[in-house]
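Enquirer: Residue numbers (this note's numbering): 852 to 973.
Here a beta-carbon is modelled for each residue, glycine too, at the ideal position from N, C-alpha and C.
All figures in this text were calculated on a predicted structure; none of them were measured in a lab.
1) Measuring CA to CA, which of 907, 951, 911 and 942 is closest to residue 931?
2) Should residue 921 be labelled buried (16 or more other beta-carbon atoms within 10 Å of its own) or exposed?
3) Determine the extent of the alpha helix (DSSP H) in which residue 921 is found, giving its start and end residues.
4) Taking 6 Å as the limit between beta carbons, can you name the residues of its chain near residue 859, skipping five residues before and five after?
5) Could you say which of 941, 956 and 935 lies nearest to residue 904 if we only look at CA atoms?
6) I need the DSSP call for residue 864, collapsed to helix, strand or coil.
7) Quick check on DSSP: helix, strand or coil for residue 940?
8) Which residue or residues does DSSP assign as beta-bridge partners of residue 870?
9) Tell me which same chain residues have a C-beta within less than 8 Å of the C-beta of residue 864, skipping the five on either side of it?
10) Taking DSSP as the reference, what is the three-state secondary structure of residue 881?
11) Look at the alpha carbon of residue 942 and the alpha carbon of residue 900, and state the distance between them as a whole number of angstroms.
12) Exposed or buried, residue 890, counting other C-beta atoms within 10 Å across all chains shown (16 or more means buried)?
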């Protein structure tokens with residue numbers, strides 16, 4: 852890192868430079884450390900959330916994958932997103948699963964879609 856936060860130091864009686872104990876930090880330095888920590892946390896969470904969104908968008912079930920295995924992958928991404936503060940609705944997850952299934956599931960997708968349409972009409 853070229854520029855950024857530096858750990859507070861102190862010089863002892865022998866002229867040796869060492870890191871200052873957190874108990875000896877000034878309140879201003881302590882506030883800088885806390886602010887820096889929060890900023891790093893927000894940056895990493897933002898990057899993680901963007902990665903999860905990208906993975907969710909390109910998610911497709913492979914032909915050799917079982918429905919259970921695919922469902923685990925979908926729920927894994929949903930749970931990680933929830934941990935980072937973004938909850939995906941159940942309907943969004945269901946729509947994603949239905950769109951991402953291979954052709955061998957076309958009949959089941961059609962049945963599920965017509966059933967959900969019938970339920971919405973009631």
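Expert: Per the coordinate set shown:
1) Of the candidates 907, 951, 911 and 942, the residue whose Cα lies closest to the Cα of residue 931 is 907.
2) Counting Cβ neighbours within 10 Å, residue 921 comes out buried, since at least 16 surround it.
3) Looking at the DSSP string, the run of the alpha helix (DSSP H) that includes residue 921 is 918-934.
4) In chain order, 871, 876 and 880 place their CB closer than 6 Å to the CB of residue 859, counting only its own chain and leaving out the 5 sequence neighbours on each side.
5) For residue 904, the nearest C-alpha among the options comes from 935.
6) Reduced to three states, the DSSP call for residue 864 is coil.
7) Here residue 940 sits in coil by DSSP.
8) Residue 870 is bridged to 860.
9) Nothing listed; no residue qualifies.
10) In the three-state reduction of the DSSP assignment, residue 881 falls in the helix class.
11) Between residue 942 and residue 900, the C-alpha separation is close to 20 Å.
12) Exposed, by the Cβ-count rule.
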